[in-house]
């Protein structure tokens, strides 16, 4: 140890690896100066021997924020979903060190979320977010083979019956949201996902106008969930042309870059005529979950918005003149498994198929006796 003073400030001086180290401790205390010299010696020893500095692992809440900040370049809706998952995870693991999360903790979390009524898919998404956080800090490896994903029920969609469709259209017409009817009809008759509808711009519509009315046209999907869905072309039905004529007339100043369903606000008029104001054509409208829930409640039915896409594919699949290649082209499917997932052939269609077999048997002269005997006609 070689401490000395210059004025009222303590300095240290020592030789290390052939070099003279002379530095000020910037303190008037000899005790602090001695500790500073020891710390400096240790720092040099660690550096020359390439001893890695052990990083202190943070609390889960701090680690989750760091992981979120590292997720750059993602779609805004993906970031929103990640933030929701982080919020739910932080509620359970907030005050725990990131290194203390165990396989048992994750299993307990899965059971807790299922008991709260969350779907297996939602829980798997949250555990996937947890996996990303742990992997960011190099802690997922020991848990990878022991954490099991929950089994998801993929075949959960329903196709609308014609009766329920009529109820929903009437409820949409009575809704306080002027956008819900064109959104409903466009989704039902085109099979577009909610995210695809939100991203639609005027330049994505090839429309034929006559006397201020849309008489035909098609949608070109600019960006989709899958590569097969991006760039696909979907012709517009007649009723889709009708609702789009009324909806687009609300925004006469929209240019090619303007969103088909722009962000707006609604003034709730006392006479049931709701006025749109605060329109921002450069931003897409937000979620319509509340409006859709209200419509379903008023119609006395319960459907997810994604069931409209199920209905579109199911109705195409029920038509024997529509090939699977055409269905994939319109809906953007890429595999037989995905086609089967969305094709919920209703009981009436199945009964019609069996009836055609009965008719063929009768025409061939084959009759089955009621007691089980068989004889030719």
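Residue numbers (the working numbering): 1145 to 1521.
Where is the CB? At the ideal position from N, CA and C, for every residue including glycine.
- Counting the other Cβ atoms within 10 Å of the Cβ of residue 1458 gives 16 or more, which makes it buried.
- Per DSSP, reduced to three states, the secondary structure at residue 1368 is coil, with no helix or strand assignment.
- For residue 1331, the enclosing alpha helix (DSSP H) stretches over residues 1324-1334.
- Between residue 1321 and residue 1432, the CB-CB gap stays under 8 Å.
- Per the Cβ contact rule, the region 1309-1319 is not in contact with the region 1344-1362 (fewer than 3 Cβ pairs under 8 Å).
- Within the region 1344-1400, complete beta strand (DSSP E) segments of at least 3 residues are found at 1349-1354, 1357-1364, 1377-1379, given in chain order.
- Considering only 1454, 1177, 1163, 1364, the residue with the shortest C-alpha distance to residue 1192 is 1163.
- In the pairwise beta carbon analysis, the region 1275-1288 is classified as touching the region 1237-1245: at least three pairs are separated by under 8 Å.
- Between residue 1403 and residue 1427 the beta-carbon gap is near 7 Å, inside 8 Å, which marks them as a contact.
- At a cut-off of 3 residues, not a single continuous stretch assigned as beta strand (DSSP E) sits fully inside the region 1432-1488.
- DSSP places residue 1276 within a helical segment (H, G or I) once states are collapsed to three.
- Under the three-state reduction of DSSP, residue 1211 is assigned to helix.
- Secondary structure of residue 1151 (DSSP, three-state): coil.
- Residue environment: residue 1454 is assigned as buried (16 or more neighbouring CB atoms within 10 Å of its CB, all protein chains considered).
- Rounded to whole angstroms, the gap between the alpha carbons of residue 1506 and residue 1306 is 32 Å.
- A direct Cα-to-Cα measurement between residue 1334 and residue 1289 gives close to 42 Å.
- In terms of Cβ geometry, residue 1398 and residue 1425 form a close pair [threshold 8 Å].
- DSSP, read as helix, strand or coil, puts residue 1235 in helix.
- Secondary structure note for residue 1167: its beta strand (DSSP E) is the uninterrupted segment 1163-1168.
- Your pair residue 1308 and residue 1445 checks out as a contact, with CB atoms roughly 5 Å apart and the cut at 8 Å.
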